[in-house]
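Visitor: Please find one structure pasted underneath; my questions will follow.
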Amino acid sequence: MDKTPMLPEQMTIPWAPPPRPGFIFSGANIIDPVKGTVLENATVYLRDGIVKSINGDATEWSDDPSAVKMDLRGKFVCPGLIDCHVHLAAVPGMKNVEELKNMSLSVSLLRQPQVCKNMLERGFTTVRDCGGALTPLKLAIQDYVHPGPRLFIAGHALSQTGGHGDIREQLNEHECCGGTIQGIGRVIDGVPDCLKYTREELRQGVDFIKIMGGGGVASPTDKIEHVQFSDEEIKAIVTVASNAGTYVTSHAYTPQAIRQAVNQGVLAIEHGNLIDKETADLMAARGVFLTPTLVAYATMAKFEGFLPPDSAKKNREVLEKGLQAIKIAAEAGVTICFGSDLLGGLHFAQSHEFGLRSQVQSSLEVLRSATINAARLLRQETFLGQVAPGFAADLLILNANPLDDITVLDTPEEHVLATIKDGRVHASRWSELETSTVWDKLAIDVSRRLREEHPDIKLNSEQFSIVLNLFSEAVQERGPLLFPQSDSSIEQPSTALGQVPQPRVVSGFEVSDLPVRGVKDHAPSASHASFLAAVSETIPPVCSTDEDDRSYTSSLAQEDDAFLINNIIDQLPPREVSEALVALFFTFLESNWYYFDEKRFWGLFTHLYADRASAQQLHPTDVCQVLLVLALASTFKHLAEPFEFANGERDVPGSKLFANATRLLSRVIAANSVESVTCFLLMSLYLLATDDIEHHHIYLGLALNQAVGLSMHRAGVKAEETPEAREVKGRIFWTVYTVERLTSGVMGLPTMLQVKDISVSLPQKRKDLDGDSDQAVDRLIAIIKLTMGMDEIINEGPIEKRASTYEWALFKMESLRTPASIGVSKTLASSFRADAHLQIIYQMIWVSLGRSATLRTVRQSLQPTSVLMSPGDQEAHLRSQNLVEHCREAATTIIDWISQLHHRGLLAKYSFTDFHTCSSATIMLLLYSILDPNHDSLPITRGINALHFMAEGSRLAMNALRLIRRLQETIQKSIGVNISGSAISQASLSQMASSQDLSETQNIDGCRNISYDSTGNYESHVLPNSPSLFPALEPWLLEYSDPYSMMFGFDGSSSAFDTDTPYV
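For the sequence shown, my numbering begins at 149 and goes up steadily by one.
Structural data, given as structure tokens:
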């Protein structure tokens, strides 16, 4: 009787991947975190998930025909990163911590694989979960059910009743039984419970034990300074863990909580923000590890409502001390590890911890915290944390050296080309290196079909792996021959897996006759060539009258759109990244004074990311809107990454997204809709932020012209329009109008639309559009009124000439004033930036009004004369001097606001408003220093510091800073006074900024610094000034066109050279 066969292993475990390929990386630059050096031009051999050799003998791999050979010249090989404090169970999907606490376990479990996958893509090949992740997840990753980093888990964090792991609210009177699980924690009290449930966690397969030894930020009923658990309870937990061959780590902020834990045998401390020197010395002496998590506090502080008010207050308390804690611990010799501790939708910021730590640690020290130090904490120092023979094949391929600048790891999407874990390529942004998952899936499918269709062919796993790798190499080498891009003689294959074949359409002229608009050039500027090409595509040379022809052409256009959208979808960022960018857009851009239909946008976003079928039904204009929102938000990404300093060599943020948006330009023009207006507005805003001023004005002109063509500026009502749609249309028009007036005025360009031609009403507050918050629409109304008032006043010409005009202008300016919010120093980030911009723009009107008077007075000071004035001239002169003082005071106030933004980490590197107003105000204060060399120079220093920060991203800011420094030097040489001290530190800036009370409006003392003889004999008091001051600057100004000079704040400077300028 035949024996019944056992179920084959490949059927028992159908997800098991094929054997790993070997890798031979030649020409690699290997990062050594132990020595802090780079081993150049090395050959690395990976096999069976292990680093087999470095610079070994070629005979090692000569008999390995399946090994993949890669040339890594110019690339850096870095050990895989280790994050020692994560919470994988705290998954995205909830708006705030309160909702996160109530998430069901099953929902969390189904989302955890996505969190794991994203961590791998950032370069984290190992993570230590400090509460929430359980053994099934760890085993699923080990068994390759889904990709993820190596897991070291604590299971449920142990907490006392009312401790950091007890998530019950204060008014919840239901008592917990011993060992009750709450979220990521387990509540226990007394030595018996501590013994029992520590053993229970160990029984369930945890790698270490986590206790809540002190108060925390997110817990509702404890305070940061609370010390939790008794000595006896902690000792019991440590004893059980030690007996099982593992260790205990403690959540603790204060010296008291840290010392208690250390004295009872705890091996590691999480956070430690309030540590003092004595406690750090104790930790160093006992060999206790510290894992700070700065990015958690910094990121939570950026998003309004993520924490409840009490928790937000605690968050601020520990945020302020975080960097100092690392400095104290490092100086004491404590071993510091890398941690992030992010919750919910904030996981995207995981890599930003590198930039934060770089402020107090060297690049090498920060890298060691995420490699060899972390490996020691995990007790894996002979297997993880290094690229060395015998170590795990967990490594990253980078395009930059993190030892030179650790912040390259802040942006893995730019610098991490590939993540290899356990010898498999799990993530790759490098076309030369495919992810293992692509071939793993292919191998599984082929293996299954081989068994089913050819049961007589017997290949063992090694033989099958060799065949598959040879096939992979052949496809890569001969891909262009196997899959030609376009050949009219070969019929296109049928559509599969939702892919749309590219249609080939020839209608009177070849596409090749037009300028090329590819996606390879990711420069943000939309060139004139691409613009003309888009117009050419929109306006066909021949208009057919045949119905069939029109139908056929329409069908071809739809196929072309489907192909283009499909191609763009393939290049979209992961949904998690895009959602974070959209949140940034609505926090920092739309919340200022741009109006955007948020409800409609989220519908488009959902469709675009739902599936290909849904996405291909979207109009190209809708897809274009999503791309532009993501591109614009990318320029503000650093506002969610405090203290990050961008590399000036990098591409402009969002340039690839913008390039894809311009591929849809012809469809946007042809649509001629309200959505088209929005697209052109967004395009103009992106180009304005990224230094392409000429094309900014072209797209802004398109937006305004289409708006006028659609009668968006008129008060008429279309029968089919709902009140909601009519209000949205009006808000979009007013946004376009205000952006056009503010930017065109700055650059000296003519007005495109007169106020007298506008009849649409100002925005109205509506519950269906604004919900319970009126802030956004209030700001839009305020900026519209400011813009219209600015036009009205400036159109009057020099207001100081006539007393009646001057008094009217003063009254008008007072009516336009928007009071700063009471208690503005405590305002949340998004609201503060929006409020600051309103105040800054108001003050810029004063600067514009007083600029010519200031320049005139400066010229007079350079050519001192005694002039006897008539009574009328004396009065005009007094008004002029008052205007100079208004201008000086406004410039000082602008710098105060800019400094506050800088201090709070809210100063944007790619913001036109931030750059232009700061530059203009700094120039005005420099000019004023000629009139009063003893005037306080601190605002000038702060303005230059802010410009220096913005110059790290913006070329406009960099060029403005260059001119301002030249102006500063020439003034100093002329008057012999140092009008600006050396650059001040961020700490000093923080102290100065925090001392400003911007909710108070200061009165201006007219004529307080410029002397005037009441007899009518006026003589400039600045006699030593050299008349060659501005001529020395003139060659530098001539390098830039008038619009650029005006943006820098040098508009009107020609009057300083002009000797025929009228006296008043």
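Beta carbons: idealized from backbone N, C-alpha and C, even for Gly.
These numbers come from a predicted model, not from an experiment.
Work out the CA separation of L890 and I947 for me, nearest whole Å.
Guide: When rounded, the distance between both Cα atoms is 20 Å.
Visitor: Quick check: the Cα distance between T309 and G1091, rounded to an integer number of angstroms?
Guide: Straight-line Cα distance between these residues: approximately 51 Å.
Visitor: Evaluate E1033 with the Cβ neighbour count: other Cβ atoms within 10 Å of its Cβ, from every protein chain shown; 16 or more gives buried, anything less gives exposed.
Guide: With 16 or more Cβ atoms within 10 Å of its Cβ, E1033 is classed as buried.
Visitor: Cα-Cα, which of F749, Q854, P213 is closest to C772?
Guide: It is F749.
Visitor: On the DSSP letters alone, give me the boundaries of the alpha helix (DSSP H) that R1225 sits inside.
Guide: Given a span of 149 to 1212 for the chain in the structure shown, any question on residue 1225 remains unanswerable.
Visitor: Which runs of the beta strand (DSSP E) fall wholly inside the region 819-845 and span at least 3 residues, in chain order?
Guide: List check, beta strand (DSSP E) in window: nothing returned.
Visitor: Tell me the rounded alpha-carbon separation between D211 and L581.
Guide: Distance between the alpha carbons of D211 and L581: 22 Å.
Visitor: Under 6 Å Cβ to Cβ from Q1144, same chain only, skipping five residues before and after it: list those, please.
Guide: Legend: pLDDT at Q1144 = 44, less than 50; position of this residue unreliable, no value from coordinates given.
Visitor: Alpha carbons only, please: which of A863, L836, P227 is nearest the one belonging to I179?
Guide: Selected option, being the one with the closest Cα: P227.
Visitor: Out of L248, K475, K265, which has the shortest C-alpha to C-alpha gap to I423?
Guide: Checked all of L248, K475, K265; the closest Cα to I423 is K475.
Visitor: Check the DSSP bridge columns for F272 and list the partner residues they point to.
Guide: Beta-bridge pairing links F272 to L229.
Visitor: Compare the beta carbon distance of I1112 and L1095 with 8 Å and say whether it is the shorter of the two.
Guide: For I1112 and L1095, yes; Cβs fall inside 8 Å.
Visitor: Around the C-beta of W994, are 16 or more other C-beta atoms found within 10 angstroms, so that it is buried, or is it exposed?
Guide: W994 is buried by the Cβ-count criterion.
Visitor: If I follow the unbroken alpha helix (DSSP H) through V564, where does it start and stop?
Guide: Element bounds for V564: not the alpha helix (DSSP H) but the beta strand (DSSP E), 564-569.
Visitor: What distance in whole Å lies between the Cβ atoms of A400 and S459, which are believed to be in contact at a cut-off of 8 Å?
Guide: About 18 Å separates the two Cβ atoms, so there is no contact after all.
Visitor: Excluding the five sequence neighbours on either side, which residues of its own chain have a C-beta within less than 7 Å of the C-beta of W1184, listed in chain order?
Guide: Low confidence applies to W1184: its pLDDT is 48, below 50, so where it sits in the model is not reliable enough to give any reading.
Visitor: Note down the Cα distance separating T346 from L268, rounded to an integer number of angstroms.
Guide: Each residue's alpha carbon lies about 30 Å from the other.
Visitor: Consult DSSP for L422 and reduce its assignment to one of helix, strand or coil.
Guide: In the structure shown, L422 sits in coil (DSSP, three-state: anything other than H, G, I, E or B).
Visitor: Would you identify the three-state DSSP class for H1051, choosing helix, strand or coil?
Guide: Three-state result, H1051: helix.
Visitor: Does the Cβ of R351 have 16 or more other Cβ atoms within 10 Å, making it buried, or fewer, making it exposed?
Guide: With fewer than 16 other Cβ atoms within 10 Å, it is exposed.
Visitor: My guess is that V725 and F496 are in contact by the Cβ rule of under 8 Å, so how many angstroms apart are they, rounded?
Guide: Going by Cβ atoms, the distance from V725 to F496 rounds to 6 Å, so yes, they are a contact pair.
Visitor: Decide if E888 is buried, meaning its Cβ has at least 16 other Cβ atoms within 10 Å, or exposed.
Guide: Buried: at least 16 other Cβ atoms inside 10 Å.
Visitor: Which one of T870, L934, I932 has the shortest CA to CA distance from R112?
Guide: Since the first residue of the chain shown is 149 and the last is 1212, residue 112 is not available in this structure.
Visitor: Here's a check: name, in chain order, each residue in its chain whose Cβ is nearer than 6 Å to the Cβ of A176, leaving out the five neighbours to either side.
Guide: A190, V192, L220, V225.
Visitor: May I ask which residues mark the beginning and end of the beta strand (DSSP E) holding E188?
Guide: Looking at the DSSP string, the run of the beta strand (DSSP E) that includes E188 is 185-195.
Visitor: Where E247 and Y757 are concerned, what is the direct C-alpha to C-alpha distance, given to the nearest angstrom?
Guide: Using only the alpha carbons, I get a separation of about 24 Å.
Visitor: DSSP puts S307 in a beta bridge; with which residues?
Guide: In DSSP, S307 forms a bridge with V335.
Visitor: Three-state secondary structure (DSSP) at S201?
Guide: In the structure shown, S201 sits in a strand (DSSP, three-state: E or B).
Visitor: Which residue comes first and which comes last in the alpha helix (DSSP H) that contains L783?
Guide: Note that residue 783 is Thr in the sequence shown, not Leu. Its alpha helix (DSSP H) spans residues 768-783.
Visitor: Please state if the CB of T274 and the CB of R298 are separated by a distance shorter than 8 Å.
Guide: Against a cut-off of 8 Å, the Cβ pair of T274 and R298 comes out as a contact.
Visitor: Would you please state the rounded distance, in angstroms, between the beta carbons of F1060 and A837? I believe it to be under 8 Å.
Guide: Indeed they touch by this definition, with Cβ atoms about 6 Å apart.
Visitor: Tell me, to the nearest whole angstrom, how far the beta carbon of A788 is from that of T447; I am working on the premise that it is less than 8 Å.
Guide: The Cβ separation is near 6 Å, so the contact holds.
Visitor: Could you check what DSSP says for L1079 in three-state terms: helix, strand or coil?
Guide: Here L1079 sits in helix by DSSP.
Visitor: Let's test the definition: count the other Cβ atoms within 10 Å of the Cβ of V255 and tell me whether it reaches 16, buried, or not, exposed.
Guide: That one is exposed.
Visitor: Specify the secondary structure class of M1098 as computed by DSSP and reduced to three states.
Guide: Looking at M1098 - three-state DSSP - the assignment turns out to be helix.
Visitor: Would you tell me roughly how many angstroms separate the C-alpha atoms of L1171 and T1040, rounded to the nearest one?
Guide: For L1171, the predicted model reports a pLDDT of 33, less than 50, meaning its position is unreliable; a value from the coordinates is still stated below. Roughly 25 Å separates the two Cα atoms.
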